[in-house]
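Chain order of the listed sequences is A and B.
Numbering-wise, this note's numbering puts 224 at position 224 of the first sequence, and it's gapless, one number per residue.
In this note's numbering, each residue's number is its place in the second sequence (first place is 1) plus 944.
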Amino acid sequence: MPTLSRRDLFRGTAAVGASALLKPGVARATAPSAANLVTQVNGERVDTPIGDHETALELVRERLGLTGSKEACGHGACGACTMLVDGVPQVSCIQPASHLHGKQVVTIEGLHHATDPRPAGGPGHPPHGIAPPPSPSLEALHPLQRAFLAEDALQCGYCTPGFVVEASAFHDAWRGAHPVGEGPTRAEVAAALSGHLCRCGAYEGIFRAVQGSCKGDFDAVIPGEPPRIDGLEKVTGHARYTVDVSLPGMKEAVFVRSPCGGAKVAQIDDSAARKVPGVHGILHLADSGATLRHAGQPIAIVVADDRTTARTAARLVRVSVNRGPVACDIASALAPGAPLVYPNRGKTEISSEMTVIPTAWNLNERGPLRTDIGLAPGRAQRAVEAPSVDGVWTTQAQCHTALEPHACVAQWEGESVTVWASTQMVVGLAEELADRLRLPASQVRVLAPYVGGAFGAKAAWDAHVGFVVDAARQLDVPLRYVPDRHEELLLGGYRPPQELKVAVAVNAAGELDGVRMEVRGDSGVAVGANVGGIMRLRYPGAPKFLSDYDVLTHAPAARPFRGPGGPPGYFALEGAIDQIAADRGVSPISIRRPWDREPAFRRLYDWAEGLPEAGRYAEVGRDTGRFRDGVGVATAAWYHFVAPGIEVLLKADSSGFHVSTASQDMGNGTRTTLAQAVEDALGVPRARVSVRVGDSRDVPGPMSAGSRTTVSVRPAVFDAARELTAAMLDFAVSTWGLTEAVVAPGGVQHATGFATWASIVDAGGSFSAVGRRRVDPAGWAIPLAIGGSAIGKHSSAALQVSLVRVDTWLGRVQVLKVWAGFAVGRVHSPVIARSQAIGGVIQSLGYALHEERRLDAKTGALLTHTLEDYHLPGMAESPEIDVHFDDVPIPGVAAEGIGLSEVTTCGGGASIANAIFRATGWRPMALPARPDRVLAGLKTRVTV
Amino acid sequence: MIHFPLSPSDAVTLHAQGRATLRAGGTDVVDRARNGLLVGDVIDLRDVQPDAMFGGVSSTAGLGVPPSLSIGALTRIAALDVPALDAWPGLREAARTLATPQVRAMATVGGGLLQANRCWYFRHPDLRADCHKAGGATCAARSGDALRHALFDVGPCISVHPSTLGCALLAYDATFTVLEAAGLRDAGTVEALFGSGADPTRDNQLPDGAVLYAVHVDTGAGDRSAYGRATGRTWAEWPLVEATVRVGPAGVVIAAGGVAPVPVRLRVAEQALGSGASAGEAIHRECASRQLLAQSAYKVDLLAGLVQALLDRADRRSL
Ligand SMILES: Cc1cc2nc3c(=O)[nH]c(=O)nc-3n(C[C@H](O)[C@H](O)[C@H](O)COP(=O)(O)OP(=O)(O)OC[C@H]3O[C@@H](n4cnc5c(N)ncnc54)[C@H](O)[C@@H]3O)c2cc1C
Ligand code: FES
Ligand code: FES
């Protein structure tokens, strides 16, 4: 055998090693600072100076005004900022801008560039102003973009540009190597898109879109309208969110925040920060001596030319604080001698979307709040003296962490202010601002063009909006604030951790004799973590003792999170019932059947019993060996909330049909719902309807929370349509002298023919009508609306069956398949509704298995401050999800249907936890069911 | 200010001069700079014209000599997922498992080995003031929340080393070459590049002023091997534990990550396996020989399960 050394083999190395190249010497040819970058972006040449640590994302968004690429995590974990660099998808938020030198860069705006004659929004597009460039035509889109539209592979659309860019490259590579008709597997797609996260949980649609387009299904334009009317803007990167708003002369704000809770401000020294070039001003928001209850409380706001400068300066603001002890979880806040979060009582923040009822307050504990009026609590108490099951369930803080942070932009003109905000309540925010600024409502305008997810976190007053508006006024500049992911995870809201003591008694005859739930919730410095109010709804007729306590801790305020109180409550209650069913060897369906008299639940039970895995519902611990499968069942119910009195403006003129309301679309599909309602009410095609939401100046629409948007705006559109069509009829009759004219779908039927609405408006008529959400025919369950919200009769019902696989070696739980059934009455936009339901299921999966906020117990600072540490479910976590709508009209309810958003997220965690029990014989009593917990839990079982 | 050296020697000259930070793919450097962990000049390797050794993968597999592999520090991690690495399946697997496709397309092998740890105290602007690795003198995780931290108590800092490639290369007894002001030199084993983990002030022991030039794998070609990790999710999650196992004529080699401030060889377990112990027994013996940290004690079982799974997978692997 020849003896060759490694060096000899790696040809060139030895030679180079000896060459001058490797001789140390004086560095030559190093371009000093103010580096210049020359590159091609979407086919156009860019030549610009760049900063040392400037990222490729900052370059395209800030310098070039190409705002389609989004920043969500800012550290490489979510993929929202993905661009093609020489054809290869790369995350741009951790890509040095310098590395684009000499490359061909394609952003989302350039994907369709090659074929579309219309401008692509290349770098020439001015960064200022909010008017989006025109969207390309469907024909000009990449097939993958068409697939995303057709499969509704998106909701809020914030993650969409990143997914589309990456998936288009995957598509192109796939097509190059495979014949038409051959698509990738789910696992292949999941691996290829493993660098992307979607908080709305649009994964099912994304799988279908990628698989379908790879097979060639979307090579041509699919006839018909895409299901979501603002989808085109989202798949092309043209949708402008608050973070994308850029105004001439605009400055950027960064907050200096408290490093810990339980402290007082000692001193603030901003002298070094003020000297940083580009700093426009620093305003103090807390004085020396101010109380800092939780980490992240605002102390100062730094305003500078750009975010990097503001961030650098903010780091130079020296804040000294006097630290005290903190209590950051329920146990430490209740321990003897625990530091008090509110030593002098006073006003707390509120984490609930419902009115918080006054109750007793003892040290860090506030309560009990009893929600069992009329439910025979005494009987329940007696019944559970001999409980069938009795245990303590605990849950974690789940952060909303919408991919668009709580951004806002403020611009003053004289005594009037316009605020762009990523909010789910343009009206509420405008009112609140006017109130605080002591301005007439007409001088405050709130705009929420596109909203990148919310989930309840954007339905309350945000202190930072007030500070930004103030600073913009004081410094006389338009001002933008975009929280980073750390701030968003810390302050952007979370579902409160709960400790649920639950006892359930089922008698020998199988009757539910009593439920007792004593629940403690930790909303941080806020109160309002209520579970009992939701648990009232389930198993009506059973005696219940329901008692909630708020435990105050040195954590930021919780926010209502999609189905607040539902996921933890059902995790415990449905877990307890599952345990009883298992103990008695009966199926989890048959044990519940006698307790539910409503037809909706009965139909869901029938549906569930017809599912492929129905034979396994009663099984526990069938499998042995490393991987064990189990099927879990859980149910949930939710309220029928309505925003009574909200209005919708409907107009018709020669330019078409226009519907507007001061509501917003955070991915829930408000725009589509409105257009669909106009189509259904007037019989004009959706394509002729223009929709405007997200402007507080429009007629007052609903806050998008509490599952009430659709059920509120749709009847209001019908209300407006009645008036509008009557006016159009009059016009037609008087203009053309029609006889026997009556309103019919699509126009006016008269003695000699049919006049379409289009022909009537083309004849010069111009009409408008305001419609209102009126009370349901059946009335409300409670006669008055509280906080803009009425509770209607009936409730929604959900049943989720989950098939899981537990890896008993690595403690990992994988959800293989979900069947989710929902009874919400009529479903008017089934595609949108399905997307929303799937999103709810995925969020509940994250809750059950992966998501968990962790705070440092000594300081209250956030440990899980990135999307690497805070674990959102990704593509591969998304099981196949079959959604079943029990599409049966609900009598006495306007539009025959009730809200969907919240009930979809309520039973999933319970269903998965129950499935883990069914797989292993070990019942998770704490969420999330992390690998360490699964391994520890399995040890408590005798394993085979 | 950014320097753009055109050659490796220019880079090392600049690097030896002072406190500037080398930037390869930049995926970690950019993040740390924004986070306030890095200040000062940048030496961006963008314009360096790498020679075959600094910037590529060379394999002698199939050339009729004992197969060996050399990987330049500037090689993108994505470039390791190629058939040339099939003789070292554990390494190829590691390279296609870590991070995300977009990160692997940008990140380099050198950066992957020399990246800073991800401890949630170290990376937290308000929690790292006293952290060993940020110039302080304590470890906040030790008395704090160390759920995902080290299992083996080998030094004052209990962060876990982030490098997946480090874990894989350790299992192949890899060595490395550095370029210093004085020129190129073979600098020892990758195991020595990381050290024992006792030094709490740094994530690796690369000599000051040196540029990592290449890593070399001269052994293990054709051995059955496998890389894997234990995580909550399927992809793109930092491992709770990760391991590479290699079964060769001389016995079993196990390297583990997620258990110590450096990737570590589990030599006690290797010996135990050699004398017929089960994976579970072997890992328990390894752990019994070490000082363990209480909060992450669950990692013992995780490691045992993972090593068993990897041995099974390596076993099934046909070459
Ligand atoms: C979401 C996400 C998940 C991740 N998961 C994983 C994972 O599972 N496993 C894993 O290993 N990594 C993971 N990473 C980290 C990733 O692998 C590193 O960021 C990357 O490898 C760093 O390479 P780079 O070329 O970008 O390094 P840079 O950021 O350029 O440099 C990193 C460090 O190495 C130094 N350096 C770089 N090259 C040299 C050289 N030739 N000589 C001397 N010093 C040098 C730099 O000065 C710097 O200190 C993940 C990252 C992200 C964003
Ligand atoms: S913003 Fe770049 S990966 Fe998340
Ligand atoms: S659609 Fe993916 S984050 Fe909203």
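Quick reminder that beta carbons are idealized off the backbone N, C-alpha and C, glycines included.
Of all residues in the region 965-984 of chain B, the ones placed with a Cβ closer than 7 angstroms to any Cβ belonging to chain A are 967, 970, 971, 974, 975, 977, 978 and 980, in chain order. For the pair residue 668/A and residue 404/A, the Cα-to-Cα distance works out to about 14 angstroms. Taken from the Cβ of residue 325/A, every heavy atom of ligand 1 lies 8 angstroms or farther away. Contact with chain A is absent for residue 1037/B, since none of that chain's Cβ atoms lies less than 9 angstroms from the residue's Cβ. Remark: the C-beta of residue 199/A is in contact range of ligand 3, defined as less than 8 angstroms to any heavy atom. Straight-line spacing of the CA atoms in residue 540/A and residue 691/A works out to 40 angstroms. Only exposed fits residue 1026/B, as fewer than 16 other CB atoms lie within 10 angstroms of its CB. Annotation: residue 747/A to residue 687/A spans about 16 angstroms, alpha carbon to alpha carbon. Around the beta-carbon of residue 398/A, 16 or more other beta-carbon atoms lie within 10 Å, marking it buried. Under DSSP, residue 210/A shares a beta bridge with no residue. Of the candidates 1204/B, 1031/B, 1247/B and 1176/B, the residue whose Cα lies closest to the Cα of residue 1225/B is 1247/B. Scanning chain B for C-beta atoms nearer than 7 angstroms to the C-beta of residue 858/A yields 1088, reported in chain order. Look at residue 1198/B: its C-beta is not under 9 angstroms from any C-beta on chain A. Around residue 1249/B, the beta-carbon contacts reaching into chain A at under 7 angstroms are 809 and 810. Near ligand 2, meaning a Cβ closer than 6 angstroms to any of its heavy atoms, lie the following residues in chain order: 71/A, 72/A, 73/A, 74/A, 76/A, 77/A, 78/A, 79/A, 80/A, 81/A, 91/A and 93/A.
Counting only residues of its own chain and dropping the five nearest sequence neighbours on each side, residue 865/A has a CB closer than 8 angstroms to the CB of 485, 486, 489 and 490.
Under the DSSP assignment, residue 592/A falls in the alpha helix (DSSP H) whose first and last residues are 588-592. In the three-state reduction of the DSSP assignment, residue 1075/B falls in the strand class, which pools E and B. Runs of the beta strand (DSSP E) lying entirely within the region 791-863 of chain A, each at least 3 residues long, are 812-823 in chain order. One Cα belongs to residue 213/A, the other to residue 221/A, and the distance between them is close to 12 angstroms. Taken from the Cβ of residue 159/A, at least one heavy atom of ligand 3 lies inside 8 angstroms. Under the Cβ criterion (8 angstroms, minimum of three pairs), the region 280-288 of chain A does not count as touching the region 231-246 of chain A. For residue 864/A, at least one C-beta of chain B is nearer than 9 angstroms to its own C-beta. Per DSSP, residue 1157/B is one residue of the beta strand (DSSP E) stretching across 1155-1161. Taking the Cβ atoms as the reference, residue 543/A lies roughly 7 angstroms from residue 513/A, within the contact range of under 8 angstroms. Judged by beta-carbon spacing, residue 880/A lies beyond the 9 angstroms limit of residue 842/A, meaning their Cβ atoms are not closer than that value. In the structure shown, residue 267/A adopts extended strand secondary structure according to DSSP, grouped into three states.
Going by DSSP, residue 545/A is part of the beta strand (DSSP E) stretching over 544-551.
Taking a beta-carbon distance threshold of 9 angstroms, residue 82/A counts as an interface residue toward chain B. Taking 9 angstroms as the cut-off, the beta carbon of residue 395/A is found no closer than this to the beta carbon of residue 538/A. For residue 1189/B, no Cβ of chain A is located within less than 9 angstroms of the residue's own Cβ. The straight-line gap separating the alpha-carbon atoms of residue 444/A and residue 407/A is approximately 17 angstroms. Comparing alpha-carbon positions, the option among 744/A, 619/A, 713/A and 99/A lying closest to residue 774/A turns out to be 713/A. If you draw a 10 Å sphere on the C-beta of residue 739/A, you find fewer than 16 other C-beta atoms in it, and that means exposed. Take the alpha-carbon of residue 955/B and the one of residue 1055/B: they are about 15 angstroms apart. Taking the C-beta atoms as reference points, residue 242/A is found nearer than 9 angstroms to residue 422/A.
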